[in-house]
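K.L.:
Pasting a structure here, questions to come.
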Amino acid sequence: MPMEKIKRIIPYAVVLLTSVFFWVLACRFACETRSGNLGPDFWPKLLLGLTMVVCLYEIAKITLFHRDQASDDDAGEVKAEAPKHYPGLLIIGTLMTVAYVYFVSILGFILCTFLYLVLFMIVGRYRKVWVIAVNSVIGTVLFVVIFMKAVYVSLPLGQGPFQQFSLLILKMLGIR
Amino acid sequence: MQGIEYVLEAISLYHISIALAGVIAGTVIGALPGLTATMAIAVLVPLTFSLKPASALILMGAVYTGAIYGGAYSAILLKTPGTPSAIATTFDGYPMAKRGDGDLAVTLACTSSVFGGLVGALFLLLLAPPLAKIALAFGPVEYFWLAIFGLSLISALSEGHMLKGLIGGCFGMLLTTIGVAEVSADIRYTFGSHTLIGGIEPVSALIGLYCVPVMIDLVATPARHLQVSTEGRGFRLREALSLNWRHKFSLLRSSVIGTITGILPGAGGSIAGLVAYSEARRSSKRTEYFGTGEPEGVMASESANNATVGGGFIPTLVLGIPGTPPDAVILGALLVQGIRTGPNLFVGGETSIVYVFIAGLFVATVLMLPTGLLIGRYAYRFIISVPKAILVPTVAFMTIIGTYAIRNNMSDVVIMIVLGAIGWVLDRYGFKPSPIVLGLILSRIAEQGFVQGWIIGTARGNAAAEFFNRPISLGIIVFIGISMFYPLIARRWRLNKELQNDSET
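Sequence lines, in order, name chains A and B. Note that this note's numbering has the first sequence beginning at 4, numbered continuously upward. Note that this note's numbering has the second sequence beginning at 15, numbered continuously upward.
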C-alpha cells in the first residue's frame with residue numbers, strides 16, 4: 004500500500020481504535036437498567052457506533068478506491084496547514100504554560116503571574132527591559148484587581164513565605 | 015399616560031447612569047474568555063440589594079446585555095468566544111478579522127446586537143404572557159429535536175469534510191458523557207478520578223479548543239504582531255448599517271429566533287446563535303461564503319444571542335422559570351427583593367417595576383451602541399498594535415484564570431490545556447474545532463431530551479410516536495429537513511440554471 008494512503012488512514016484508524024476502547028468501557032458501566040428504559044451506555048454507544056461506521060467507511064474508501072487527485076489535494080492541505088517556523092519557541096511556550104499551572108498553587112497567583120509574563124516576553128524575543136518590567140507589573144496588578152477585587156475569584160495565594168508575600172501585596176492593594 | 019411615566023423614570027439620569035455602568039461592566043467581563051454573563055450578574059447581585067427593585071433589574075439587565083455582546087470581541091479578534099453565546103460569531107468574525115475587516119466585524123456585531131436586543135425587549139413588552147406559554151409547550155422531545163436542528167449545522171461547519179465534521183461532532187458529544195449521566199445519574203468514563211465526576215465544563219473545553227490552537231500558532235509563527243491584512247479603518251459604522259439594511263430580513267429572523275430560543279428554559283444564547291446562524295446560512299444566496307468571513311454570519315449570531323436577553327426575561331417574569339442561566343441568578347435576586355414573579359406581575363400592584371425595567375432594558379440596549387463601538391474600536395486597535403510577545407502571555411493567562419474562575423478548580427485548567435492540545439492535533443488532520451464545540455454544547459440537551467422522551471413514550475406504549483406525533487416536534491423536523499437538504503437542492507438548481515444559460519448563449 005502506498006505511503007500516502009497509510010498516512011491518510013492513520014487518523015481514522017486511531018479514532019476507530021479509541022472508539023472501540025471506549026465502547027468496551029461503556030459495556031462495563033456499573034448500572035441496573037429497568038426494562039423499557041435506556042441505560043447510561045446507550046448514548047455513548049450510539050455516538051461511538053456512528054464514529055466507528057464513519058471511520059470504517061473512510062478507511063475502506065481510501066484503501067479500495069483510487070482518488071489520486073483528491074488524495075493529492077488533501078495531502079497538500081495538510082502540508083499547507085503546518086507553517087511552523089519556531090518549534091523550539093512553541094515547546095518552551097507550552098512548557099511555561101504547563102509550569103504556570105503547576106507552580107501557581109506553590110508560588111501564588113501574584114508572583115507566578117508576574118514571572119510568567121516576564122519570562123514569556125523574554126522568550127518571545129522582546130528585548131526592552133523596562134517595557135517588560137512595567138508591563139508585567141501593571142498586568143499583574145490589573146489582573147489581581149479584576150479577578151480578586153471585582154469578580155471575587157478566589158485565586159491561589161501560594162504556600163509558606165510565598166503566601167505571606169501574596170497577602171502583603173493584597174494588603175497594599177486594599178484587597179481583603 | 016402611565017406608560018410615559020414609566021419611560022420618564024427609566025430615562026432619568028440615575029437610571030441612565032446605572033444602565034451605562036452596567037453595559038460597560040458587562041461588556042468588559044463578557045470580553046474576557048471564561049467570565050460569562052451569569053458570572054457577571056452573580057458578582058453584582060450583592061450590589062443590587064441596596065437598590066430599588068426596578069433599578070436593580072435595570073442594572074442586571076444592562077450587565078447581561080453588555081456581557082452577551084462583549085463575548086463577540088474575543089470571538090472576532092482572538093477566535094475565542096468570550097461567552098458561549100458568541101460561538102457562532104467566531105465562524106465568520108475571525109476570518110473577517112484575519113482579512114483585515116475586524117473593525118467592521120466588531121461594529122457589525124454591535125449594531126446587530128443592539129437590533130437583536132431591541133427586538134427581544136419589544137417582544138418582552140408586547141407579548142410576554144402569551145409567549146410564555148410556548149415555553150410550557152416544549153417537552154423533552156422538542157428539546158431533543160431542537161438540539162438535532164443545531165447539530166445539523168455540522169455539515170456547514172465541516173469546511174468540505176462532512177465526515178470529519180461528523181467525527182468531530184461525535185467527539186464533542188462524547189466529551190459530555192464524562193461524569194454523571196444526564197438522566198440516570200450513573201457514573202461514566204471517570205477512570206476512577208474524582209475530578210472527572212463533575213464532567214467537563216463546557217466553557218473550559220470551549221476555551222481550550224478554540225484558544226489554545228490559536229495561541230500555539232501565534233507562538234510558532236515569526237510575525238511580531240497579529241497577522242491582519244490592514245490597519246483599522248475607524249468605526250465603519252455606515253458600512254455596517256448598510257450591511258444591516260441589506261440583510262434586514264435575516265437580521266429580523268435571527269432576532270425572532272433568538273427571542274424564542276431565549277424563552278425556552280435552558281436553551282440560552284449559544285443555541286440561539288447556532289440555530290440563527292444555521293438558518294441564515296440556509297436562506298442566504300451566499301451559502302458557500304459562510305465560514306470564510308461572511309458578514310451575515312456575524313449579524314445572525316449576534317442579533318440572536320442578544321435577543322435571548324429579552325426573550326429569557328419572558329418566562330422568568332411571567333412564569334418564574336428562568337429562560338437562561340443568567341435569568342436564574344436574576345430570579346434569585348428578585349426573590350431577595352421580595353418580588354413574586356408570575357402573571358400577576360404584569361397586571362398587579364408591581365406593574366410599575368416591570369415596565370420601568372423593560373423601558374430601562376431598551377435604554378441599556380441603545381446605550382450599547384456608543385459604548386460598544388468605542389470599546390470595540392480600542393479593543394481592535396489594541397489587539398493589532400500590541401506585540402505578540404505581550405499579547406500571547408496576556409491572553410494565555412486570561413484563558414487560564416478564566417477557566418479556573420468557573421469552578422475555582424485547577425483541574426479545569428488542566429482539562430482545558432489537554433483539550434486544546436488535542437484540538438490542535440485534530441486541526442492538523444482536518445478535524446475543525448467548530449463541530450466538536452457544537453457537539454459539546456448540544457449533546458446534553460439532546461441526550462436528556464432523547465432519554466426522557468423515550469421513557470415517556472415507552473410508558474405510553476409507543477416510543478416512536480412520542481418523537482414524531484407532536485406538532486411542535488414535526489415543525490422542527492421539517493426545519494431540520496429543509497436545513498439539511500435545501501442547500502443541496504438550491505445548488506443543483508443553480509447549476510442547472512447556469513447550464514441552461516450557457517446552452518442558450
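All residues carry an ideal CB built from backbone N, CA and C; glycine is no exception. All of these numbers come straight from a predicted model, not from anything done at the bench.
Helix, strand or coil: how does DSSP classify V194 of chain B here?
P.N.:
strand
K.L.:
Counting only beta-carbon atoms, is C2 of chain A nearer than 9 Å to chain B?
P.N.:
Here chain A has residues from 4 to 179 only, and residue 2 of chain A is not among them.
K.L.:
Would you report the Cα separation of S74 of chain A and E7 of chain A, rounded to the nearest angstrom?
P.N.:
At S74 of chain A the pLDDT is 47, less than 50, meaning the model places this residue with poor confidence; the figure from the coordinates comes in the next sentence. Distance between the alpha carbons of S74 of chain A and E7 of chain A: 8 Å.
K.L.:
Do three or more CB pairs link the segment 122-129 of chain B to the segment 378-386 of chain B at distances below 8 Å?
P.N.:
Judged by Cβ distances under 8 Å, the segment 122-129 of chain B makes contact with the segment 378-386 of chain B, as three or more pairs qualify.
K.L.:
What residues are listed by DSSP as bridge partners for I404 of chain B?
P.N.:
Paired residues: none, contrary to the question.
K.L.:
Do P329 of chain B and A460 of chain B have their beta-carbon atoms positioned less than 9 Å apart in this structure?
P.N.:
No.
K.L.:
State the DSSP-derived secondary structure class of R250 of chain B, mapped to helix, strand or coil.
P.N.:
coil
K.L.:
Applying the 10 Å Cβ sphere with the 16-neighbour rule, what's the burial state of Q72 of chain A?
P.N.:
For Q72 of chain A, the pLDDT reaches just 49, beneath the cut-off of 50, and the residue's location in the model is therefore unreliable, although a value from the coordinates is still provided. Flag for Q72 of chain A reads exposed.
K.L.:
Please classify S517 of chain B as buried or exposed, where buried requires at least 16 neighbouring CB atoms within 10 angstroms.
P.N.:
exposed
K.L.:
Would the segment 38-52 of chain B count as touching the segment 415-432 of chain B if we require 3 or more Cβ pairs under 8 Å?
P.N.:
Judged by Cβ distances under 8 Å, the segment 38-52 of chain B makes contact with the segment 415-432 of chain B, as three or more pairs qualify.
K.L.:
Between which two residues does the alpha helix (DSSP H) holding E35 of chain A run?
P.N.:
In the DSSP annotation of this structure, E35 of chain A is not part of any alpha helix (DSSP H), being labelled neither H nor E.
K.L.:
What residue from B:F163, B:G44, B:A195 and B:M187 has the CA that sits closest to F32 of chain A's CA?
P.N.:
B:A195
K.L.:
Answer yes or no: does any C-beta atom of chain B fall closer than 9 Å to that of A153 of chain A?
P.N.:
yes
K.L.:
Which residue marks the beginning of the alpha helix (DSSP H) containing T94 of chain B, and which one marks its end?
P.N.:
Run containing T94 of chain B: none; DSSP gives neither H nor E here.
K.L.:
Going by Cα to Cα distance, which pick from B:T97, B:P98, B:A86 and B:K511 is closest to D106 of chain B?
P.N.:
B:A86
K.L.:
For S517 of chain B, does the three-state DSSP call read helix, strand or coil?
P.N.:
Per DSSP, reduced to three states, the secondary structure at S517 of chain B is helical.
K.L.:
Would Q167 of chain A be called buried (16 or more neighbouring beta carbons within 10 Å of its own) or exposed?
P.N.:
exposed
K.L.:
Quick one: is R508 of chain B buried, meaning 16 or more other Cβ sit within 10 Å of its Cβ, or exposed?
P.N.:
exposed
K.L.:
Quick check on the DSSP output: the alpha helix (DSSP H) that includes S264 of chain B runs from which residue to which?
P.N.:
K262 to I277
K.L.:
Tell me, please, whether the CB atom of F106 of chain A is closer than 9 Å to any CB atom in chain B?
P.N.:
no
K.L.:
What would DSSP say about R484 of chain B, mapped onto helix, strand or coil?
P.N.:
coil
K.L.:
Within 9 Å of any Cβ in chain A, is that where the Cβ of E518 of chain B sits?
P.N.:
no
K.L.:
Please classify S218 of chain B as buried or exposed, where buried requires at least 16 other C-beta atoms within 10 Å of its C-beta.
P.N.:
buried
K.L.:
Quick one, which residues of the segment 106-124 of chain A are near chain B if we go by CB-CB under 7 Å, in chain order?
P.N.:
S108, T116, Y119, L120, F123 and M124
K.L.:
Along chain B, which residues have their Cβ under 7 Å away from the Cβ of W26 of chain A?
P.N.:
Under the 7 Å cutoff, chain B gives no residues; its nearest Cβ is about 11 Å from W26 of chain A.
K.L.:
By how many angstroms is the C-alpha of G84 of chain B removed from the C-alpha of V148 of chain A?
P.N.:
Approximately 19 Å between the Cα atoms of the pair.
K.L.:
Restricting to runs no shorter than 4 residues, where is the alpha helix (DSSP H) found entirely within the segment 298-338 of chain B?
P.N.:
Runs found: 309-332.
K.L.:
Please state whether DSSP places I30 of chain B in a helix, a strand or coil.
P.N.:
I30 of chain B sits in a helix when the DSSP states are folded into three classes.
K.L.:
So with CB distances below 7 Å, who are the chain E contacts of K93 of chain B?
P.N.:
Absent from the structure: chain E. Protein chains present are A and B.
K.L.:
Which bits of chain A does M187 of chain B rub up against, with CB to CB less than 7 Å?
P.N.:
L50
K.L.:
Check whether the Cβ of I181 of chain B lies closer than 9 Å to any Cβ atom in chain A.
P.N.:
yes
K.L.:
If you measure between the beta carbons of G453 of chain B and G182 of chain B, is that distance less than 9 Å?
P.N.:
yes
K.L.:
Return the CA-CA distance between F165 of chain A and K174 of chain A, expressed in angstroms with no decimal places.
P.N.:
Taking the straight line joining both Cα atoms gives about 14 Å.
K.L.:
Where does the unbroken alpha helix (DSSP H) through S207 of chain B begin, and where does it stop?
P.N.:
Run containing S207 of chain B: none; DSSP gives neither H nor E here.
K.L.:
DSSP has I201 of chain B in a bridge; who is on the other side?
P.N.:
B:V194
K.L.:
Would you mind sorting D76 of chain A into buried or exposed? The rule is 16 or more other CB atoms within 10 Å of its CB.
P.N.:
Low local confidence applies: a pLDDT of 47 at D76 of chain A is under 50, so the model's placement there is unreliable, with the coordinate-based value given in what follows. Classification for D76 of chain A: exposed.
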